[in-house]
(Lines of atoms letter the chains of each structure in order from A; the text may use other names.)
(Lines give C-alpha, C1' and ligand atoms only; values in the text may rest on other atoms or scores of the structure.)
Protein backbone atom coordinates (compact mmCIF):
# COMPACT_ATOMS: atom_id res chain seq x y z
CA UNK A 29 0.00 0.00 0.00
CA UNK A 30 1.00 3.62 -0.63
CA UNK A 31 -0.81 6.57 0.92
CA UNK A 32 -0.19 9.94 -0.75
CA UNK A 33 -1.34 13.10 0.99
CA UNK A 34 -1.83 16.36 -0.92
CA UNK A 35 -2.55 19.07 1.62
CA UNK A 36 -3.81 22.55 0.87
CA UNK A 37 -3.94 22.95 4.66
CA UNK A 38 -0.52 24.34 5.55
CA UNK A 39 -0.50 24.22 9.36
CA UNK A 40 2.06 21.70 10.59
CA UNK A 41 0.08 20.70 13.67
CA UNK A 42 -2.93 19.75 11.54
CA UNK A 43 -0.72 17.71 9.21
CA UNK A 44 0.78 15.92 12.22
CA UNK A 45 -2.69 15.14 13.49
CA UNK A 46 -3.62 13.65 10.11
CA UNK A 47 -0.40 11.60 10.02
CA UNK A 48 -1.14 10.19 13.46
CA UNK A 49 -4.64 9.20 12.34
CA UNK A 50 -3.35 7.53 9.17
CA UNK A 51 -0.66 5.61 11.02
CA UNK A 52 -3.23 4.43 13.54
CA UNK A 53 -5.71 3.40 10.85
CA UNK A 54 -3.13 1.89 8.47
CA UNK A 55 -0.26 0.68 10.67
CA UNK A 56 2.97 0.13 8.77
CA UNK A 57 1.71 1.69 5.52
CA UNK A 58 4.23 3.96 3.76
CA UNK A 59 3.01 7.57 3.60
CA UNK A 60 4.24 10.27 1.21
CA UNK A 61 2.87 13.79 1.53
CA UNK A 62 3.31 17.43 0.62
CA UNK A 63 1.72 20.82 1.03
CA UNK A 64 0.36 22.13 -2.24
CA UNK A 65 -0.62 25.08 -4.37
CA UNK A 66 -3.83 23.26 -5.28
CA UNK A 67 -5.01 19.67 -5.33
CA UNK A 68 -6.11 17.34 -8.13
CA UNK A 69 -8.77 14.66 -7.77
CA UNK A 70 -10.68 12.73 -10.46
CA UNK A 71 -9.70 15.15 -13.21
CA UNK A 72 -10.71 18.25 -11.25
CA UNK A 73 -8.79 21.12 -9.65
CA UNK A 74 -9.35 21.86 -5.95
CA UNK A 75 -8.17 24.49 -3.46
CA UNK A 76 -7.47 24.47 0.28
CA UNK A 77 -8.46 20.83 0.61
CA UNK A 78 -6.71 17.62 1.61
CA UNK A 79 -6.69 14.79 -0.93
CA UNK A 80 -5.70 11.25 0.02
CA UNK A 81 -4.53 8.92 -2.71
CA UNK A 82 -4.52 5.32 -1.45
CA UNK A 83 -2.98 2.77 -3.79
CA UNK A 84 -3.15 -0.93 -2.96
CA UNK A 85 -0.70 -3.29 -4.66
CA UNK A 86 -1.00 -7.05 -5.00
CA UNK A 87 2.70 -7.84 -5.29
CA UNK A 88 4.70 -4.59 -5.39
CA UNK A 89 6.67 -3.30 -2.42
CA UNK A 90 6.79 0.33 -1.24
CA UNK A 91 9.58 1.89 0.81
CA UNK A 92 9.59 5.48 2.15
CA UNK A 93 12.41 7.81 3.18
CA UNK A 94 12.75 11.35 4.52
CA UNK A 95 15.85 13.57 4.32
CA UNK A 96 15.48 16.67 6.50
CA UNK A 97 17.89 19.01 4.70
CA UNK A 98 18.07 20.75 1.34
CA UNK A 99 21.29 22.75 1.80
CA UNK A 100 23.19 20.04 -0.10
CA UNK A 101 20.86 18.63 -2.75
CA UNK A 102 23.35 16.12 -4.23
CA UNK A 103 23.88 14.68 -0.73
CA UNK A 104 20.12 14.54 -0.20
CA UNK A 105 19.69 12.70 -3.48
CA UNK A 106 22.41 10.19 -2.65
CA UNK A 107 20.96 9.54 0.80
CA UNK A 108 17.50 8.98 -0.64
CA UNK A 109 18.83 6.70 -3.36
CA UNK A 110 20.70 4.53 -0.87
CA UNK A 111 17.73 4.35 1.50
CA UNK A 112 15.16 3.61 -1.21
CA UNK A 113 17.10 1.00 -3.17
CA UNK A 114 15.45 -2.42 -3.38
CA UNK A 115 15.34 -5.24 -5.98
CA UNK A 116 13.17 -4.55 -9.06
CA UNK A 117 12.75 -0.86 -8.20
CA UNK A 118 10.62 0.55 -11.02
CA UNK A 119 9.79 4.07 -9.84
CA UNK A 120 10.74 6.74 -7.31
CA UNK A 121 8.30 9.50 -6.35
CA UNK A 122 9.87 12.47 -4.58
CA UNK A 123 8.41 15.63 -3.06
CA UNK A 124 10.88 18.39 -2.18
CA UNK A 125 10.72 21.56 -0.08
CA UNK A 126 11.52 23.87 -2.96
CA UNK A 127 11.32 27.24 -1.19
CA UNK A 128 14.43 28.62 0.49
CA UNK A 129 14.86 32.28 1.43
CA UNK A 130 11.60 32.91 -0.47
CA UNK A 131 13.14 31.65 -3.72
CA UNK A 132 12.47 28.43 -5.61
CA UNK A 133 15.30 25.91 -5.45
CA UNK A 134 16.86 24.52 -8.63
CA UNK A 135 16.48 20.78 -8.02
CA UNK A 136 18.41 19.33 -10.97
CA UNK A 137 21.33 18.18 -8.81
CA UNK A 138 18.93 16.29 -6.53
CA UNK A 139 17.53 14.37 -9.49
CA UNK A 140 20.99 13.67 -10.93
CA UNK A 141 22.12 12.17 -7.61
CA UNK A 142 18.99 10.03 -7.39
CA UNK A 143 19.57 8.81 -10.92
CA UNK A 144 23.15 7.75 -10.10
CA UNK A 145 21.89 5.59 -7.24
CA UNK A 146 18.81 4.20 -9.01
CA UNK A 147 19.55 4.20 -12.76
CA UNK A 148 16.71 1.88 -13.74
CA UNK A 149 13.87 3.69 -11.97
CA UNK A 150 11.43 6.17 -13.43
CA UNK A 151 11.47 9.46 -11.48
CA UNK A 152 8.35 11.47 -10.73
CA UNK A 153 7.03 14.07 -8.30
CA UNK A 154 7.58 17.75 -7.71
CA UNK A 155 8.31 20.54 -5.28
CA UNK A 156 5.89 21.33 -2.49
CA UNK A 157 3.61 24.35 -2.69
CA UNK A 158 2.10 26.74 -0.16
CA UNK A 159 -0.96 28.10 -1.97
CA UNK A 160 1.11 30.66 -3.85
CA UNK A 161 2.62 32.39 -0.81
CA UNK A 162 6.19 31.41 -1.69
CA UNK A 163 7.36 31.41 1.93
CA UNK A 164 7.36 27.94 3.53
CA UNK A 165 6.47 24.43 2.40
CA UNK A 166 6.33 21.03 4.08
CA UNK A 167 6.94 17.45 2.97
CA UNK A 168 6.40 14.37 5.07
CA UNK A 169 6.37 10.60 5.29
CA UNK A 170 5.33 8.12 7.95
CA UNK A 171 8.73 8.98 9.55
CA UNK A 172 7.89 12.65 10.18
CA UNK A 173 7.60 16.17 8.73
CA UNK A 174 10.31 18.40 7.22
CA UNK A 175 10.27 22.10 6.35
CA UNK A 176 13.64 21.80 4.60
CA UNK A 177 14.14 18.46 2.94
CA UNK A 178 12.88 15.80 0.56
CA UNK A 179 10.34 13.01 1.07
CA UNK A 180 10.27 10.06 -1.29
CA UNK A 181 9.12 6.50 -1.89
CA UNK A 182 10.37 3.72 -4.12
CA UNK A 183 7.99 1.15 -5.59
CA UNK A 184 9.37 -2.21 -6.68
CA UNK A 185 7.95 -5.33 -8.24
CA UNK A 186 8.70 -7.74 -11.05
CA UNK A 187 5.27 -7.21 -12.67
CA UNK A 188 4.94 -3.49 -11.87
CA UNK A 189 4.43 -1.28 -14.93
CA UNK A 190 5.41 2.40 -14.59
CA UNK A 191 4.71 4.78 -17.47
CA UNK A 192 5.36 8.50 -17.15
CA UNK A 193 4.86 11.35 -19.61
CA UNK A 194 4.50 15.13 -19.66
CA UNK A 195 3.03 17.96 -21.69
CA UNK A 196 4.18 21.57 -21.89
CA UNK A 197 2.01 23.44 -24.45
CA UNK A 198 4.14 26.56 -23.96
CA UNK A 199 5.41 27.58 -27.38
CA UNK A 200 8.30 29.91 -28.34
CA UNK A 201 7.46 33.18 -30.04
CA UNK A 202 9.52 36.10 -31.32
CA UNK A 203 13.22 36.40 -32.10
CA UNK A 204 16.05 34.35 -30.66
CA UNK A 205 18.09 36.07 -27.95
CA UNK A 206 21.42 35.19 -26.33
CA UNK A 207 22.50 35.08 -22.68
CA UNK A 208 25.49 37.44 -22.49
CA UNK A 209 26.05 37.51 -18.70
CA UNK A 210 24.81 35.03 -16.11
CA UNK A 211 25.88 33.44 -12.85
CA UNK A 212 23.89 30.35 -11.95
CA UNK A 213 20.21 31.19 -11.95
CA UNK A 214 20.83 34.96 -11.95
CA UNK A 215 20.85 36.54 -15.40
CA UNK A 216 22.50 39.93 -15.74
CA UNK A 217 22.33 40.50 -19.48
CA UNK A 218 20.46 39.22 -22.53
CA UNK A 219 21.71 40.55 -25.87
CA UNK A 220 23.77 43.04 -23.86
CA UNK A 221 20.77 44.49 -22.01
CA UNK A 222 19.44 43.82 -18.54
CA UNK A 223 16.60 41.30 -18.45
CA UNK A 224 14.38 44.04 -17.02
CA UNK A 225 15.02 46.17 -20.11
CA UNK A 226 14.38 43.17 -22.38
CA UNK A 227 10.99 42.56 -20.76
CA UNK A 228 10.19 46.27 -20.91
CA UNK A 229 11.12 46.50 -24.59
CA UNK A 230 9.23 43.45 -25.83
CA UNK A 231 6.38 43.07 -23.33
CA UNK A 232 5.93 46.62 -22.08
CA UNK A 233 6.82 48.61 -18.97
CA UNK A 234 3.71 47.44 -17.12
CA UNK A 235 4.87 43.83 -17.37
CA UNK A 236 8.45 44.74 -16.46
CA UNK A 237 7.36 46.67 -13.37
CA UNK A 238 5.18 43.77 -12.22
CA UNK A 239 7.89 41.12 -12.46
CA UNK A 240 8.14 38.29 -11.65
CA UNK A 241 4.43 37.39 -11.46
CA UNK A 242 3.40 39.61 -14.37
CA UNK A 243 5.50 37.59 -16.81
CA UNK A 244 4.21 34.16 -15.80
CA UNK A 245 2.49 33.84 -19.18
CA UNK A 246 5.72 34.74 -21.00
CA UNK A 247 8.41 32.40 -19.74
CA UNK A 248 11.83 32.16 -21.31
CA UNK A 249 12.14 29.04 -23.46
CA UNK A 250 15.32 27.12 -24.10
CA UNK A 251 16.15 23.71 -25.55
CA UNK A 252 18.55 21.45 -23.66
CA UNK A 253 19.40 17.87 -24.59
CA UNK A 254 16.46 17.85 -26.96
CA UNK A 255 14.00 18.93 -24.25
CA UNK A 256 12.16 22.24 -24.62
CA UNK A 257 11.99 23.99 -21.24
CA UNK A 258 9.86 26.91 -20.08
CA UNK A 259 11.73 28.82 -17.37
CA UNK A 260 10.01 31.46 -15.27
CA UNK A 261 11.39 34.32 -13.21
CA UNK A 262 11.44 34.07 -9.41
CA UNK A 263 12.84 37.45 -8.38
CA UNK A 264 13.99 40.86 -9.63
CA UNK A 265 17.10 42.67 -8.38
CA UNK A 266 17.73 46.45 -8.15
CA UNK A 267 20.36 46.31 -10.93
CA UNK A 268 17.84 44.94 -13.43
CA UNK A 269 19.11 41.37 -13.25
CA UNK A 270 16.55 38.62 -12.73
CA UNK A 271 16.62 35.30 -10.88
CA UNK A 272 15.07 32.26 -12.53
CA UNK A 273 14.05 28.78 -11.45
CA UNK A 274 16.79 27.27 -13.67
CA UNK A 275 20.48 28.03 -14.13
CA UNK A 276 21.67 29.62 -17.38
CA UNK A 277 24.96 29.53 -19.29
CA UNK A 278 26.52 32.38 -21.25
CA UNK A 279 25.95 31.86 -24.97
CA UNK A 280 22.70 29.92 -24.63
CA UNK A 281 19.95 31.03 -26.98
CA UNK A 282 16.37 31.51 -25.86
CA UNK A 283 13.07 33.02 -26.86
CA UNK A 284 10.02 34.25 -25.07
CA UNK A 285 7.33 31.63 -24.70
CA UNK A 286 3.58 31.85 -24.37
CA UNK A 287 1.04 29.53 -22.83
CA UNK A 288 -0.81 28.72 -26.01
CA UNK A 289 -4.27 27.68 -24.89
CA UNK A 290 -5.06 26.59 -28.43
CA UNK A 291 -2.67 23.68 -27.96
CA UNK A 292 -3.78 22.62 -24.48
CA UNK A 293 -6.50 20.27 -25.70
CA UNK A 294 -4.30 18.73 -28.37
CA UNK A 295 -1.47 18.30 -25.88
CA UNK A 296 -3.81 16.53 -23.47
CA UNK A 297 -4.97 14.14 -26.18
CA UNK A 298 -1.39 13.28 -27.15
CA UNK A 299 -0.44 12.83 -23.50
CA UNK A 300 -3.32 10.47 -22.82
CA UNK A 301 -2.67 8.49 -25.98
CA UNK A 302 0.90 7.98 -24.77
CA UNK A 303 -0.27 6.93 -21.31
CA UNK A 304 -2.87 4.57 -22.75
CA UNK A 305 -0.23 2.70 -24.73
CA UNK A 306 0.55 0.70 -21.58
CA UNK A 307 -1.69 -0.74 -18.86
CA UNK A 308 -2.75 1.86 -16.28
CA UNK A 309 -4.69 1.34 -13.06
CA UNK A 310 -3.90 4.64 -11.35
CA UNK A 311 -2.59 8.04 -12.45
CA UNK A 312 -0.56 10.45 -10.32
CA UNK A 313 -0.62 14.03 -11.64
CA UNK A 314 2.07 16.53 -10.67
CA UNK A 315 1.48 19.85 -12.47
CA UNK A 316 3.00 23.31 -12.20
CA UNK A 317 0.86 25.85 -10.38
CA UNK A 318 1.58 28.32 -13.20
CA UNK A 319 -0.69 26.29 -15.45
CA UNK A 320 -3.49 26.63 -12.94
CA UNK A 321 -2.98 30.37 -12.53
CA UNK A 322 -2.73 31.10 -16.24
CA UNK A 323 -5.29 28.65 -17.64
CA UNK A 324 -7.89 29.19 -14.94
CA UNK A 325 -10.97 27.09 -15.69
CA UNK A 326 -9.30 25.84 -18.88
CA UNK A 327 -6.97 23.70 -16.76
CA UNK A 328 -9.78 21.12 -16.74
CA UNK A 329 -9.27 20.69 -20.48
CA UNK A 330 -6.04 18.84 -19.72
CA UNK A 331 -6.94 17.30 -16.34
CA UNK A 332 -10.25 15.65 -17.27
CA UNK A 333 -8.90 13.41 -20.08
CA UNK A 334 -6.29 11.91 -17.73
CA UNK A 335 -9.08 10.54 -15.56
CA UNK A 336 -10.32 8.65 -18.62
CA UNK A 337 -7.03 6.73 -18.64
CA UNK A 338 -7.08 5.88 -14.93
CA UNK A 339 -8.38 7.37 -11.65
CA UNK A 340 -6.24 10.42 -10.92
CA UNK A 341 -4.92 12.22 -7.86
CA UNK A 342 -2.16 14.78 -7.50
CA UNK A 343 -1.23 18.37 -6.79
CA UNK A 344 -0.03 21.67 -8.24
CA UNK A 345 3.65 22.16 -7.54
CA UNK A 346 6.54 24.65 -7.63
CA UNK A 347 8.53 22.61 -10.18
CA UNK A 348 8.20 19.07 -11.50
CA UNK A 349 10.49 16.01 -11.44
CA UNK A 350 10.63 13.80 -14.52
CA UNK A 351 12.87 10.97 -15.59
CA UNK A 352 12.56 7.75 -17.54
CA UNK A 353 14.66 4.67 -16.69
CA UNK A 354 18.33 4.96 -17.71
CA UNK A 355 17.75 8.50 -19.06
CA UNK A 356 18.90 11.84 -17.67
CA UNK A 357 16.21 13.24 -15.39
CA UNK A 358 14.89 16.77 -15.88
CA UNK A 359 13.74 19.42 -13.44
CA UNK A 360 10.78 20.98 -15.22
CA UNK A 361 8.62 24.04 -14.66
CA UNK A 362 5.36 25.22 -16.23
CA UNK A 363 4.75 21.54 -17.07
CA UNK A 364 2.11 18.88 -16.40
CA UNK A 365 3.56 15.45 -15.60
CA UNK A 366 1.72 12.16 -15.12
CA UNK A 367 2.84 8.80 -13.73
CA UNK A 368 0.63 5.78 -14.44
CA UNK A 369 1.07 2.49 -12.58
CA UNK A 370 -0.32 -0.99 -13.11
CA UNK A 371 0.46 -4.53 -12.10
CA UNK A 372 0.47 -7.60 -14.33
CA UNK A 373 -1.92 -7.60 -17.28
CA UNK A 374 -4.16 -4.77 -16.13
CA UNK A 375 -5.78 -2.58 -18.77
CA UNK A 376 -6.53 1.12 -18.97
CA UNK A 377 -9.68 2.35 -17.30
CA UNK A 378 -11.48 2.99 -20.57
CA UNK A 379 -10.87 2.26 -24.22
CA UNK A 380 -10.13 5.60 -25.85
CA UNK A 381 -10.26 9.10 -24.43
CA UNK A 382 -13.72 10.48 -23.90
CA UNK A 383 -14.76 14.03 -24.73
CA UNK A 384 -15.74 15.17 -21.24
CA UNK A 385 -16.24 18.82 -22.11
CA UNK A 386 -19.51 20.59 -21.44
CA UNK A 387 -21.24 22.49 -24.22
CA UNK A 388 -19.79 25.86 -23.06
CA UNK A 389 -16.35 24.27 -23.01
CA UNK A 390 -16.86 22.96 -26.55
CA UNK A 391 -17.88 26.44 -27.64
CA UNK A 392 -14.72 27.81 -26.02
CA UNK A 393 -12.69 25.46 -28.22
CA UNK A 394 -13.45 27.85 -31.10
CA UNK A 395 -11.32 30.38 -29.24
CA UNK A 396 -8.58 27.73 -28.98
CA UNK A 397 -8.68 27.36 -32.77
CA UNK A 398 -8.35 31.12 -33.19
CA UNK A 399 -5.31 31.11 -30.90
CA UNK A 400 -3.68 28.33 -32.92
CA UNK A 401 -4.14 30.33 -36.11
CA UNK A 402 -2.80 33.50 -34.47
CA UNK A 403 0.26 31.65 -33.22
CA UNK A 404 0.93 30.28 -36.70
CA UNK A 405 0.72 33.81 -38.10
CA UNK A 406 3.25 35.14 -35.56
CA UNK A 407 5.65 32.21 -36.02
CA UNK A 408 5.59 32.34 -39.82
CA UNK A 409 6.14 36.10 -39.85
CA UNK A 410 9.06 35.79 -37.41
CA UNK A 411 10.76 33.09 -39.52
CA UNK A 412 10.38 35.14 -42.68
CA UNK A 413 11.87 38.23 -41.01
CA UNK A 414 14.83 36.21 -39.67
CA UNK A 415 15.41 34.68 -43.11
CA UNK A 416 15.31 38.11 -44.75
CA UNK A 417 17.86 39.49 -42.29
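In our numbering, the protein residues as written are 29 to 417. Even glycine gets a Cβ: it sits at the ideal position worked out from N, Cα and C. Predicted, not measured: the structure shown is a model, and the values here were computed from it.
- Collapsing the DSSP output to three states places residue 164 in coil.
- Separation of the CB atoms of residue 125 and residue 167 is rounded to 6 Å, and the pair is thereby assigned contact status at 8 Å.
- With respect to residue 224, residue 273 sits apart: the two C-beta atoms are not nearer than 8 Å.
- Nearest to residue 278 by alpha-carbon distance, out of 232, 208 and 172, is 208.
- Counted as a single uninterrupted DSSP element, the alpha helix (DSSP H) harbouring residue 102 occupies residues 101-112.
- The three-state secondary structure of residue 339, taken from DSSP, is coil.
- Sequence-distant Cβ neighbours of residue 283 in its own chain, meaning closer than 6 Å and more than five residues away, are 200, 202, 204 and 249.
- According to DSSP, residue pairing for residue 348 in a beta bridge involves 154 and 360.
- Beta-bridge annotation (DSSP): residue 67 is paired with 74 and 343.
- In the DSSP assignment, residue 130 falls outside any beta strand (DSSP E), carrying neither H nor E.
- Assigned with DSSP and collapsed to three states, residue 93 falls in strand.
- Annotated three-state conformation of residue 136 is helix, per DSSP.
- Going by beta carbons, residue 330 and residue 296 fall inside the 8 Å limit.
- Residue 326 is classed as buried because its beta carbon has at least 16 other beta carbons within 10 Å across all chains shown.
- Looking at 353, 265, 186 and 308, the one whose alpha-carbon comes closest to that of residue 336 is 308.
- Inter-residue distance for residue 233 and residue 266 is about 16 Å (C-alpha atoms, whole angstroms).
- Three or more pairs of CB atoms, one per stretch, sit closer than 8 Å, so the stretch 355-370 contacts the stretch 301-317.
- By the beta-carbon neighbour count (other beta carbons within 10 angstroms, threshold 16), residue 348 is buried.
- Closest in C-alpha terms to residue 137, from the list 302, 241, 372 and 275, comes 275.
- Secondary structure of residue 256 (DSSP, three-state): strand.
- A direct Cα-Cα distance of roughly 21 Å separates residue 198 from residue 215.
- Using a Cβ distance threshold of 8 Å, residue 192 and residue 141 do not count as a contacting pair.
- By the C-beta density criterion, residue 58 is buried, having at least 16 other C-beta atoms within 10 angstroms.
- In this structure, DSSP gives residue 315 an extended state, which the three-state scheme calls strand.
- Residue 170 carries a coil assignment under DSSP once its states are collapsed to helix, strand and coil.
- In chain order, 64, 65, 66, 67, 68, 73, 157, 315, 316, 317, 319 and 320 place their CB closer than 8 Å to the CB of residue 344, counting only its own chain and leaving out the 5 sequence neighbours on each side.
- Using a C-beta cut-off of 8 Å, the stretch 49-56 makes no contact with the stretch 102-119, since fewer than three inter-stretch Cβ pairs fall below that distance.
- Counting only the Cα atoms, residue 98 lies some 6 Å from residue 176.
- Our two residues, residue 84 and residue 152, have alpha carbons roughly 19 Å apart in a direct line.
- In this structure, residue 148 sits away from residue 286, with a CB-CB distance that is not shorter than 8 Å.
- About 14 Å separates the beta carbon of residue 217 from that of residue 228, a gap too long to meet the 8 Å contact definition.
- Shown here, residue 35 sits in a strand according to DSSP, grouped into three states.
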